[in-house]
Amino acid sequence: MKLKDLRVSWRQLLAEPAYSLVVVLGLAVAIAAAYLIALLLNDRWLPDPSVPRPDRVVRLEFKGNIPGRNDDWFSSMPFVFRHALLDAKAPVSHVARVAESDLGLRVGEQVSKNHVMFADPELVDIFGLKALSGDVRAALSKPDTVALTTGAAERLFGRSSDVLGQRLRMRGQEMTVAALLPRQAANSELEFDVLANFESPASDQAPWMLRAWYFINGNVYARLADGASAAQLGTLMQSIFDRSPGTTEVPPEWRAGGRKSAFVRAMPLTRIPFEGGGSQTRLMLYSALSLMALTMLALAAINYVNLSSVRTLRRQREIAVRKSLGASPARLGLQFVLESSLVASLAGVVGLLLAWLLAPGFADLLDVQFASKLFAPAQLISLALACLLLGALTGLYPARVALGVHCAPALQGRKQSEGAAGRRLRRAMTVLQFSAALTLSGAAVVVVWQSEFVARLNPGFKTEGLLAIELPPSAKREAKLGLYEALRGHASVQRLSMSDDIPGRNGIGAVVSLTRGATKVSTRRSLADGSFVDTYGIPLLAGSLDGVSVPEVSPFDPSVPKQVWPVLIDATSAQAMGFASPNDALGQVMLAEDLEVRVQAVSGPIRQESARDLRQPQLFMLLKHGHSVLTLAGSDLPALRAAAQEAWPRYFPEDVLLLSSVHEELAQRYRLDRNIGRLIAVTSLLALLLAAFGVYALAAYTVRRAALEIVIRKLHGAGHRHIAALLIKEFAPLLGLAALISLPLIWWIAQQYLSGFVERAQMGGWPLLAALLGTLLMSALAGLRHALAAMSMRPIMALRD
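So this is what it looks like as structure tokens:
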């Protein structure tokens, strides 16, 4: 290869700017998407490099075995397992508990929100945490010291260094900064702004939570001892749990017939992306992203091969001249491979810039962060090599076409074709483009349709016009009551209520066994006050909460004398308990575990679970003010926000006000599905555009090859519709074959995606029809120019050629 060949390739690109723009941009968009997805997968599948021997670090995971449910593995674990493993002399060198919370930290008069992680000092040894200054282990060994990341230091003190010895307030406790850490990598298992001692008074851990075997409120990590395996530790953990009091903390029917009430395991850090809690959803997402990246690259490559092949046939005389002047087959073939490599390299540069521009939006769309840097040397070298390989592969077929040009006919001006084999290959590539575009379009319709369907499911309560205030876990009852009374008198607040959570935000929730005679039903238990029904607009089928005496102290407080507790149940619960009608349930006394409850009202069916889970029977225990969420109802959300912001500092001066729209909070459950649907929709649109370019190239080639036939038909009286039918005859079988290939693929994708939902939209054949109509429209537009050219072709010009 000579420098002259490179100059020739460059001049060829400059000679046809429209062609060059199409092929470079098509490849650039595909390369940008593939590059971003490759970086994301690399980050998620490789552990944080700062963790020493990550395969020896395990996260303890828990899975409940509640009858009638099929819960996934939780990444969380009961805290009691730390002491249980140490007492059993388990094969671990270190074990640490971790509890996380978003807290307001005060420095002077300023309060800022920070993500605080309360952990045992052994966490330092497990993850190899290293401080920029100070001693992290010492900071986690004392109840009144903390370690900050540089980001938290900048937020709290306005600088990222020289903060050791500075003081701040956390949940009313004075804390001293004893260590400064760097920011965690985006693929780190640990995410925090502040580290503090697990047993610090600021952690506010209730003693019963530390002893409970069936309550998960945080994580437990361990580092395996030399020679031990995660499987061995998991077997020991299961044995410990099966002999523990945890088996008696659950209803008897959960363990009837030798049934295990829960499963536990130890998951190595390196296997969490593939097998850890929630990994099934992640793997489906990453598989879909990988498939989209490969599909876009393949479509862009096919598009380039199609366009460059047509262009090569137009360059027959140039090729014949070069052959006549002594150009060897190797050099001629290398010239076309070099042109393809130059196009791929330019596309790589443009694609890198597109990736840089699209990275923030892509990360926000998938709710991820990139640990790898876009312009890191290793990534750039990989990108360059991949572009050169792509260029070499896409240049092989145009080189083959060029080598097949015969000099004498080309120099005489007689046009040559690529042969029957070449035409079959081009048609096969067009079918592949059509199939990919149809499949992606159908998949986009399925995901978007299902996302919209589940977003519109009626949960049994209203979500619009509601603003939720998160109350601090350590807040005094008097402060909660003071805020409640202050907001109740505000003009913008029409109704307000307190509950243990926003209904439906937590897809799992607490479960109790509701008993009536011989009937026992696992029921979801929630806590709410008497105005909860009015605030959330819950329709009552029977009974009323007006005039009901609502207790002010939690039924779980051991100092409270036993009494019959007032409750609200939904229609699903009433039916499951065997009541013939909602009215029959009124006044009935049942057992919720060992607590007697009386039904005061029955509501319509309420769904707090996501559309992926079965609807559970609901039980709302009535309680005044002892809750963690205060919900305001009103027609003007900005006015509600202003009212909350004005009243908050008077009652919670040490805490950050956390406000959220109930509608937006519940919409977060399906945010990822909606974003994936949008991503697939964008990908399918790009696939349609690339397929359209393929149609454009094939139409150009068809008109060129059939020019003589077209003019002879016109001379014999053929009209425009006959000429159009000639082109349709070329494309219709290809599109039909692509539809036959895509139909089972779309059906399979729909079944795989919808299998994760209990509530499914009824789509029928609409996804395929929508995809087919979209592809037909794009194909018609792409082939329109050459169809018009064929219809207006002058016979004299074709006969002269």
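The sequence shown begins at 976 in my numbering and counts up one residue at a time.
Ideal Cβ placement from N, Cα and C applies to all residues, glycine included.
Top-ranked residue by Cα proximity to residue i, from the options
| i | options | result |
| --- | --- | --- |
| Glu1445 | Ser1357, Gln1620, Pro1226 | Gln1620 |
| Pro1027 | Ala1656, Glu1584, Phe1102, Pro1176 | Phe1102 |
| Ser1659 | Leu1349, Ala1334, Leu1413 | Leu1413 |
| Ala1546 | Ala1430, Leu1515, Ser1265 | Leu1515 |
| Val1421 | Gly1133, Arg1031, Gly1740, Ile1012 | Gly1740 |
| Val1055 | Pro1042, Val1073, Pro1066 | Val1073 |
| Ala1567 | Ala1586, Ser1585, Lys1537, Ala1555 | Lys1537 |
| Ala1275 | Leu1368, Pro1053, Asp1339 | Leu1368 |
| Leu1364 | Glu1427, Leu1605, Val1318, Val1523 | Val1318 |
| Leu1036 | Ala1745, Leu1664, Glu1734, Ala1206 | The sequence shown places Glu at residue 1036, rather than the Leu named in the question. Glu1036 has its Cα closest to that of Ala1206, out of Ala1745, Leu1664, Glu1734, Ala1206. |
| Ala1485 | Thr1498, Ser1474, Thr1287 | Thr1498 |
| Asp1342 | Asn1650, Leu1664, Ala1007 | Asn1650 |
| Ser1178 | Ala1745, Leu1400, Leu1011, His1090 | His1090 |
| Leu1300 | Lys1455, Cys1382, Ser1316, Ser1175 | Cys1382 |
| Leu1332 | Gln1593, Gly1731, Val1004, Leu1632 | Val1004 |
| Asp1588 | Gly1479, Gly1512, Ala1656, Ala1200 | Gly1479 |
| Gly1039 | Asp1095, Ala1745, Lys1235 | Lys1235 |
Buried/exposed call for residue i, threshold 16 Cβ in 10 Å
| i | result |
| --- | --- |
| Asn1045 | exposed |
| Trp1048 | buried |
| Gly1492 | exposed |
| Arg1500 | buried |
| Met976 | Low confidence applies here, because Met976 scores a pLDDT of 49, under 50, leaving its location unreliable; read the following figure in that light. Met976 should be labelled exposed. |
| Trp1723 | exposed |
| Val1574 | buried |
| Gln1159 | buried |
| Asp1504 | buried |
| Val1280 | buried |
| Leu1327 | buried |
| Trp1188 | buried |
| Thr1256 | exposed |
| Trp1623 | buried |
| Val1564 | exposed |
| Arg1218 | exposed |
Sequence-distant residues of its chain with Cβ nearer than 8 angstroms to residue i (five each side left out)
| i | result |
| --- | --- |
| Lys1495 | Pro1226, Glu1228, Ser1488, Leu1489 |
| Ser1636 | Leu1441, Leu1442, Ala1443, Leu1612 |
| Leu1751 | Leu1710 |
Close-in-space but distant-in-sequence residues of the same chain around residue i (CB under 6 angstroms, 5 per side omitted)
| i | result |
| --- | --- |
| Ser1467 | Gly1609, Asp1611, Ala1614, Leu1615, Ala1618 |
| Leu1710 | Phe1409 |
| Leu989 | none |
| Glu1075 | Met1092 |
| Leu1272 | Ala1005, Ala1009 |
Where the beta strand (DSSP E) through residue i begins and ends
| i | result |
| --- | --- |
| Tyr1196 | 1194-1199 |
| Ile1356 | Where Ile1356 is concerned, there is no enclosing beta strand (DSSP E), although the alpha helix (DSSP H) it sits in stretches over 1352-1378. |
| Lys1038 | 1032-1039 |
| Gly1518 | 1515-1518 |
| Pro1243 | 1237-1243 |
| Ala1567 | 1564-1567 |
| Val1486 | 1485-1491 |
Extent of the continuous alpha helix (DSSP H) to which residue i belongs
| i | result |
| --- | --- |
| Asp1777 | Outside the modelled stretch of the chain, which goes from 976 to 1776, sits residue 1777, for which no answer is possible. |
| Ser1585 | Premise fails: Ser1585 is in no alpha helix (DSSP H) and is neither H nor E. |
| Ala1187 | Careful: Ala1187 lies outside any alpha helix (DSSP H) and carries neither H nor E. |
| Ser1320 | 1304-1341 |
| Phe1216 | 1205-1217 |
| Arg1246 | Arg1246 -> no alpha helix (DSSP H), and no H or E assigned at all. |
Same chain, Cβ closer than 7 angstroms to residue i, five either side skipped, listed in chain order
| i | result |
| --- | --- |
| Val1530 | Position check: residue 1530 holds Pro in this sequence, whereas Val was assumed. Within the same chain, Pro1530 has close Cβ partners Trp1540, Leu1570, Met1596. |
| His1465 | Ala1618 |
| Phe1190 | Pro1053, Met1184 |
| Ser1585 | Gly1482, Arg1644 |
| Gly1749 | Ser1416, Leu1663 |
Beta-bridge partners of residue i, as assigned by DSSP
| i | result |
| --- | --- |
| Ser1501 | Phe1595 |
| Val1574 | Val1542 |
| Asp1077 | His1090 |
| Glu1610 | Residue 1610 is actually Ser in this sequence, not Glu. Paired residues: none, contrary to the question. |
| Thr1124 | Leu1156 |
| Thr1151 | Thr1120, Arg1142 |
| Val1082 | Gln1085 |
| Asn1860 | The structure shown has nothing for residue 1860, since the chain only spans 976 to 1776. |
| Asn1172 | Ala1094 |
| Ala1071 | Tyr1196 |
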